[in-house]
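So for the sequence shown, the numbering used here puts the first residue at 2; every next one is plus one.
Note that the Cβ used here is the ideal one computed from N, Cα and C, for glycine as well.
Okay, structure first, notes after.
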Amino acid sequence: MDFEAGSVRESKSLILFVAGVLLVAAAAAAIRLPRLAQRPMHGDEAIHAQKFATLLQDGQYIYDPFEYHGPTLNYFTLIPAWLRGQHTYQAIDEWTVRLVPVAFGVGLVLLVLGVADGLGRAAALAVAVLTAISHAMVFYSRYYIQEMLLVFFTFALIVCGWRYVRSRRGAWAIAGAVMLAFMHATKETFVIAVAAIAAAAVLTLFLSRRRAEKENKSGPLISKRRLLVHLSLAALILVMVSAVLFSCAFRNPRGIVDSVLTFKTYLGRGAGHSTVHSHPWYYYLHILGWYRLDGGPLWTEALILLLGVIGLVAAFAKKGAGKADYGFLRFTAFYAIFMTVAYSLIPYKTPWCLLGFLHAWILLAAVGTVVLLRLARPTWVRVLVALLLLQGGGYLLWQAYLGTYRYYDDHANPYVYAHTGSDVFTIAARVDEMAALHPDGKKMFIEVICPGADYWPLPWYLRAYENVGYYSEVDMTAMPAPVIIGYASLEKEILTKLFTVPPPGQRHTPVPLFDDYVELRPTIELRGYVPHDLVEGRLKAHAEEGGP
């Protein structure tokens, strides 16, 4: 009877735990989904969207070993595009592309179900909550880049590895190989996570002193022959899946070779050969710990780091974590340390790259939360600790709201990096007005002139136009377009062209396209020019509508 009663309690506990994680995942979706088109497209997002459009329209993906990373982001974007009945570049929108990182951000919350017996259910639920409300996790779950997919596949690999250790079932080895292939096909920096996982696993096994302890906590024993079969099959699956992804189902076999040769490029980039994104070793810790700019809000996810340190200490002290598996906790601690050190030492840094090691610290922070609550004595101290944790969690959620819905393109937000400003909406609206007045309409020729091809994400916002030319310098011999947009530093050359290139009888007095100062990004001012007769048409239209 006692056994039956315990079994019923265990079943109820499991149901409540799963329901709790599902509820948190639903809340994570509710936080991430609203107003996906509100934030201007970052230049990187726009480039990825254009590459996806090639896959969508032509069924072709060609891996570039120098830029833009792997194909998984593009392949998974086919799902929302097909579901929404979109088959062209002009038809897709911000919702189509940004739904993909949202889905993987929510999926990251759900993955914790696979390691609940390693962390302990209470800590696993805390992982779900912290992942759902972390400012960085929320912000980049709405960003059409590869990082959220990489974090998801990395954690999925850890989940599969843990389940294999517990069960010794070949299916988990195969699933882990698929996740590793997806990591490879997502972003070249996957090698950092793989190295950290491998090193953490080796050190964890080294610290397992007694054979009995290893047998008890590592699950059932497995013969060397069976283990070799599982690893061989996993390796075969890894190579096959990766080859299919990089070659676009073998339509571009060169992609397989390039997926290996690319590491020469990224090794040089990571070593600091690019000065644009080179930052000091403490850059990520500064962003996470204490960031305030130009009188903006205080941004900090120090709560996660501090709780993570407590979880790390508990992992090695083997105390306070309840029913957690301390072998798994030690592995997580090593993994978090290696990931943090590696990303801190690499000179090339962008803020979204911190997601991988931040998630590792979230795992430890959840353990630290449980440890604090378990060790707090007497009851009033535990209540006080719980209230402080709730307050800290509330501040994390408030930051996530501010950063996502109010400071979404403001550089006072630490996760806004080289970002497009909201003026891009004004630019697109002015071009639309001119096209409505021009006899060629959407076929109107537009010139965009930005040195160094620094015109992104304008191709995204002008994707409805058939005749847009993008140039790095002013062509003084070609006839000027009805609409010209360019760097403010090129204004003299553009005006010289407008006043001299067309034959005298065809010249039109150029007037500014924009009523006010507009920026593509901070300090990158753009100027626009159109013929006077188009502006007269615009003014006439406003007058007829009763506008100013």
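Proximal residues to residue i (C-beta, below 6 angstroms), its chain only, five neighbours per side dropped
| i | result |
| --- | --- |
| Val101 | Phe77, Thr78 |
| Gly442 | Ala436 |
| Ala454 | Ser473 |
| Ile134 | Leu397, Leu398, Ala401 |
| Phe18 | Arg122 |
| Ser142 | Arg33, Pro102, Val103, Gly106, Met149 |
| Tyr471 | Val449, Tyr456 |
| Ala30 | Val107 |
| Met138 | Thr132 |
Cβ-based burial, residue i [other Cβ within 10 Å; buried from 16]
| i | result |
| --- | --- |
| Ser260 | buried |
| Gly404 | buried |
| Asn468 | exposed |
| Ala361 | buried |
| Glu148 | buried |
| Tyr488 | buried |
| Thr89 | exposed |
| Leu112 | buried |
| Lys225 | exposed |
| Leu330 | buried |
| Glu46 | buried |
| Met241 | exposed |
| His287 | exposed |
Beta-carbon gap between residue i and residue j smaller than 8 angstroms
| i | j | result |
| --- | --- | --- |
| Ala337 | Val368 | no |
| Gly106 | Arg33 | yes |
| Val195 | Gly357 | no |
| Pro352 | Tyr416 | yes |
| Leu239 | Ala174 | no |
| His439 | Lys350 | no |
| Gly41 | Thr421 | Residue identity check: residue 41 is Pro in the sequence provided, not Gly. Going by C-beta atoms, Pro41 is nearer than 8 angstroms to Thr421. |
| Leu57 | Ala82 | yes |
| Ile450 | Leu491 | yes |
| Val386 | Gly321 | no |
| Thr97 | Gln87 | yes |
| Pro458 | His70 | no |
| Ala50 | Ile80 | no |
| Ala479 | Ile447 | no |
| Thr301 | Ala316 | no |
| Asn253 | Ile48 | no |
| Met477 | Lys444 | no |
| Ser243 | Gly328 | no |
| Ala236 | Gly177 | no |
| Gln91 | Arg464 | yes |
| Arg255 | Ala419 | no |
N- and C-terminal bounds of the alpha helix (DSSP H) containing residue i
| i | result |
| --- | --- |
| Glu148 | 148 to 168 |
| Val101 | 95 to 111 |
| Tyr336 | 327 to 346 |
| Gly304 | Reading off the sequence, residue 304 comes out as Leu, not Gly. Taken as a continuous stretch (DSSP letters only), the alpha helix (DSSP H) holding Leu304 covers 303 to 318. |
| Leu56 | 44 to 59 |
| Val195 | 191 to 207 |
| Leu232 | 225 to 247 |
| Tyr396 | 380 to 406 |
Cβ-based neighbour list, residue i, same chain, cut-off 7 angstroms, excluding 5 preceding and 5 following
| i | result |
| --- | --- |
| Gly393 | Leu304 |
| Met180 | Phe154, Ala157, Leu158, Cys161 |
| Ser219 | In this predicted model, Ser219 has a pLDDT of only 49, less than 50, meaning its place in the structure is not dependable; the value taken from the coordinates is given anyway. Hits under 7 angstroms: Val166. |
| Phe191 | Leu151, Met184, His185 |
| Glu214 | Annotation note: pLDDT 49 at Glu214 (below 50); position unreliable, coordinate value reported separately. Nothing meets the Cβ criterion. |
| Thr266 | Pro66, Phe67 |
| Lys13 | none |
| Lys52 | Tyr69, Asn75 |
Residue interval of the beta strand (DSSP E) (run including residue i)
| i | result |
| --- | --- |
| Arg122 | Here Arg122 belongs to no beta strand (DSSP E); instead the alpha helix (DSSP H) covers 122 to 134. |
| Val432 | Per DSSP, Val432 belongs to no beta strand (DSSP E); it is in the alpha helix (DSSP H), 424 to 438. |
| Arg551 | Lying outside 2 to 549, the shown extent of the chain, residue 551 is not represented and no answer is given. |
| Ile486 | 484 to 488 |
| Val519 | 519 to 522 |
| Glu448 | 447 to 450 |
| Gly470 | 469 to 472 |
Proximity test, Cβ basis, 8 angstroms: residue i and chain C
| i | result |
| --- | --- |
| Phe339 | Given the protein chain composition of this structure (a single chain), no chain C is represented. |
Cβ-based neighbour list, residue i, same chain, cut-off 8 angstroms, excluding 5 preceding and 5 following
| i | result |
| --- | --- |
| Arg212 | Any answer about Arg212 is weak, because its pLDDT of 47 lies below 50 and its placement is not dependable; what the coordinates show is given next. No residues qualify anywhere along the chain. |
| Val25 | Val110, Leu126, Ala129, Val130, Ala133 |
| Glu520 | Gly422, Asp424, Glu526, Leu527 |
| Tyr344 | Ile193, Tyr285, Lys350, Cys354, Leu355, Gly357, Phe358 |
| Asp411 | Gly297, Val417 |
Does the count of Cβ pairs from the stretch 192 to 200 and the stretch 168 to 179 closer than 8 angstroms reach three?
-> no
For the stretch 292 to 301 against the stretch 110 to 124, are there 3 or more C-beta pairs whose distance is under 8 angstroms?
-> These segments do not touch.
Pairing CB atoms from the stretch 122 to 132 with CB atoms from the stretch 336 to 353, are three or more of them under 8 angstroms?
-> Not touching, per the Cβ criterion.
Does the pairing of the stretch 364 to 379 with the stretch 303 to 317 give three or more beta-carbon distances under 8 angstroms?
-> yes
Quick one: any contact between the stretch 478 to 494 and the stretch 521 to 530, if contact means 3 or more CB pairs under 8 angstroms?
-> With a cut-off of 8 angstroms, the stretch 521 to 530 and the stretch 478 to 494 count as touching, because enough Cβ pairs lie within range.
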